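Step one of this worksheet: look at the structure below.
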Amino acid sequence: MMSTTNCPNCGAARIHRSRRRTAFEQAAAAIGGGMRRCHRCNSRFLEIGGSLIRLRDAQRVARKMMLGLAMAAAVGVLLVMILWLSHAQSMPPAFFLSA
Ligand SMILES: [Zn+2]
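Under this note's numbering, the first residue of the sequence shown is numbered 113, with each subsequent residue one higher.
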């Protein structure tokens, strides 16, 4: 049976816990992820639930998720603006003149 601590990149068994360096790695650690580094090929991995994910892939997925969140936030702001504008237009013109 293969050990999960083998490097997914080169298969080396010498894979060690790595120090967290970036905000992304600290965020990953906060949700239960661990950082691993292979001594042979120097690849860095994110360990979540016993499986290793290449750090580059994990960051790409995280970026996509952030982009999705940003898009959702933008759509939300747009909806609020449309609602606010349609509400503002239903107000009497005197409201704007006196303001
Ligand atoms: Zn390796």
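For each residue, glycine too, the CB sits at the ideal point set by N, CA and C.
A quick note: this is a predicted structure, and the numbers were derived from the prediction, not measured.
Using only CA atoms, which one of the options lies nearest to residue i?
| i | options | result |
| --- | --- | --- |
| residue 133 | 126, 127 and 141 | 141 |
| residue 124 | 163, 187, 162 and 151 | 151 |
| residue 156 | 137, 197, 181 and 200 | 137 |
Does any heavy atom of ligand 1 sit closer than 7 Å to the C-beta of residue i?
| i | result |
| --- | --- |
| residue 163 | no |
| residue 124 | yes |
| residue 172 | no |
| residue 148 | no |
| residue 198 | no |
| residue 129 | no |
| residue 168 | no |
| residue 132 | no |
Could you give the C-beta distance for residue i and residue j, rounded to a whole number, given that I count them as a contact under 8 Å?
| i | j | result |
| --- | --- | --- |
| residue 148 | residue 159 | 5 Å |
Inset, instruction - Let me know the beta strand (DSSP E) ranges lying completely inside the segment 127-201, each 3 residues or longer, listed in chain order. - result: Within the segment 127-201, the complete beta strand (DSSP E) segments of 3 residues or longer fall at 127-129, 146-150, 156-160 and 163-166, listed in chain order.
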